[in-house]
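Position in the sequence shown counted from 1, then plus 10, gives you our numbering.
Where is the CB? At the ideal position from N, CA and C, for every residue including glycine.
This one's a predicted model, so the numbers in the text were calculated from it and none came from an experiment.
First the structure, in the form of structure tokens, and then the observations on it.
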Amino acid sequence: MRTLTIYIATSLDGYIAKPNDDLSFLKVVEKEDEDYGYNEFTKTIDTIILGRRTYDWVLKEIGPSYYDNGERNVYVITRTERPNVGRTIFYTKNLTELVQQLKAENGKNIYCDGGAEIINELLKNDLIDEFVISIIPVLVGNGIRLFKDGRPEQQLELVSVKTYDTGLTQLHYKRKK
11 MRTLTIYIAT SLDGYIAKPN DDLSFLKVVE KEDEDYGYNE FTKTIDTIIL GRRTYDWVLK
71 EIGPSYYDNG ERNVYVITRT ERPNVGRTIF YTKNLTELVQ QLKAENGKNI YCDGGAEIIN
131 ELLKNDLIDE FVISIIPVLV GNGIRLFKDG RPEQQLELVS VKTYDTGLTQ LHYKRKK
């Protein structure tokens, strides 16, 4: 069975973005030749799930090759139908059913790249298997919270904690079964 992992950065006070989808606080920990394990992690996946706002931000800031590189299936969860682009599928149906179907298929693992709405929908349905959360040493004050209220309690098991000289701390948890 494939696992679904959240691999995401958040401010110390729990925000994944400032108002207006501003991610500038991530620059606090930018360091040449340091990817905080991201490249190693992406070798374990062949499918990405993300929300349309996250997808649009990455397209604007990084470019289309980040997702549409022919290596992975990408599911952009959206309310608006759009034609697929390469291996990028704009998915308008039930997220829970999609994840259950993907987990049952053969392949590498599944990566949820955000945003908060997608993560919290997955949490409500107990579909996230692992959490890799990088804590950025900044208090942003407001914005988009990583975890929203109104979801069931879930017990987690600590896998590892890594600290970096930039002040970033990375927490890796597995869901207790």
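Which stretch, first to last residue, makes up the alpha helix (DSSP H) that contains residue i?
{"i": "TYR65", "result": "62-71"}
{"i": "PHE51", "result": "48-52"}
{"i": "ILE128", "result": "126-134"}
What is the DSSP secondary structure of residue i, counted as helix, strand or coil?
{"i": "VAL171", "result": "strand"}
{"i": "VAL109", "result": "helix"}
{"i": "ASP123", "result": "coil"}
{"i": "LYS184", "result": "strand"}
{"i": "VAL95", "result": "strand"}
{"i": "LEU36", "result": "helix"}
Going by alpha carbons, who is nearest to residue i out of the options?
{"i": "GLY151", "options": "ILE26, TYR17, MET11 and ALA19", "result": "ILE26"}
{"i": "ASP32", "options": "LEU133, GLY125 and GLY160", "result": "GLY125"}
{"i": "LYS172", "options": "LYS184, SER144, GLY61 and VAL148", "result": "SER144"}
{"i": "THR88", "options": "GLY96, LEU105 and GLY117", "result": "LEU105"}
{"i": "ARG62", "options": "PRO29, ARG161, ALA19 and ILE99", "result": "ILE99"}
{"i": "TYR65", "options": "VAL86, GLU127, LYS184 and THR57", "result": "VAL86"}
{"i": "LEU156", "options": "LYS28, LEU178 and LYS41", "result": "LYS28"}
{"i": "GLU50", "options": "LEU132, ASP136 and ASN119", "result": "ASN119"}
{"i": "LYS158", "options": "THR102, ASN30 and LEU132", "result": "LEU132"}
{"i": "ILE58", "options": "ASP43, ASP45, THR90 and TYR17", "result": "TYR17"}
Using 10 angstroms around the beta-carbon of residue i, count the other beta-carbons present and answer buried if the total reaches 16, otherwise exposed.
{"i": "TYR48", "result": "exposed"}
{"i": "LEU168", "result": "exposed"}
{"i": "SER194", "result": "No answer is possible for residue 194: the residues shown for the chain start at 11 and end at 187."}
{"i": "GLY153", "result": "buried"}
{"i": "VAL39", "result": "buried"}
{"i": "SER21", "result": "buried"}
{"i": "ARG92", "result": "exposed"}
The beta strand (DSSP E) that contains residue i, what's its start and end?
{"i": "LEU14", "result": "14-21"}
{"i": "GLU140", "result": "140-146"}
According to DSSP, which residues form a beta bridge with residue i?
{"i": "LEU77", "result": "According to the sequence as given, residue 77 is Tyr; it is not Leu. None, per the DSSP bridge assignment."}
{"i": "THR3", "result": "Nothing about residue 3 can be read from this structure; the chain reaches only from 11 to 187."}
{"i": "ALA27", "result": "ILE154"}
{"i": "THR179", "result": "ILE145 and THR173"}
{"i": "LEU166", "result": "ARG185"}
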